[in-house]
Amino acid sequence: MELVRSFIAFDIEDEGVIRELTRVQSILLETGADLKVVEPRNIHVTIRFLGEIPLTMIDRVYGEMSKIVFSPFDIEIRGLGAFPNIRHINVIWAG
Numbered sequence: 056m057e058l059v060r061s062f063i064a065f066d067i068e069d070e071g072v073i074r075e076l077t078r079v080q081s082i083l084l085e086t087g088a089d090l091k092v093v094e095p096r097n098i099h100v101t102i103r104f105l106g107e108i109p110l111t112m113i114d115r116v117y118g119e120m121s122k123i124v125f126s127p128f129d130i131e132i133r134g135l136g137a138f139p140n141i142r143h144i145n146v147i148w149a150g
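Below, the structure is given as structure tokens:
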């Protein structure tokens, strides 16, 4: 059974936010750290990490998620953090 690392997320449509996050990425890269940054078109807000799920479930999850409707809302980014922690960084996040 093929598994796919999956999460539920939504795109950020505000170009100003994307520009600012891209600027932060550039600053982090300038430190010389061995980082892989997310392409601007892939920057998103993760709602729920699903983990490794069977590939056969992707269409079902997508179908259920496509039924959800919500109004636009504002989001504020106040800082950076890291998973699993600041001493052992796998992911740097803004939130």
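Positions in the sequence shown are counted from 1; adding 55 to them yields this note's numbering. The beta carbon of each residue, even a glycine, is placed where N, CA and C say it ideally should be.
The beta strand (DSSP E) with residue i in it runs from where to where?
i: Val100; result: 99 to 109
i: Ser61; result: 58 to 66
i: Ile144; result: 143 to 149
Quick one: grab the DSSP three-state call for residue i.
i: Asp114; result: helix
i: Ile73; result: helix
i: Pro139; result: strand
i: Ser81; result: helix
i: Pro95; result: helix
i: Glu131; result: coil
Quick check on this structure: which residue in the options has the alpha carbon closest to the alpha carbon of residue i?
i: Glu94; options: Gly106, Arg78, Phe104; result: Arg78
i: Gly106; options: Ile63, Ile130, Met56; result: Ile63
i: Asn97; options: Ile132, Arg74, Ser121, Gly136; result: Arg74
i: Phe128; options: Glu68, Leu58, Met56; result: Glu68
So, for residue i: in the same chain, excluding its five sequence neighbours on each side, which residues have a beta-carbon less than 6 Å away from its beta-carbon?
i: Phe65; result: Val100
i: Glu119; result: none
Closer than 8 Å by C-beta to residue i: which residues in its own chain qualify, once you throw out the five before and the five after it? Chain order, please.
i: Arg142; result: none
i: Val116; result: Ser61, Ile63, Leu105, Ile108
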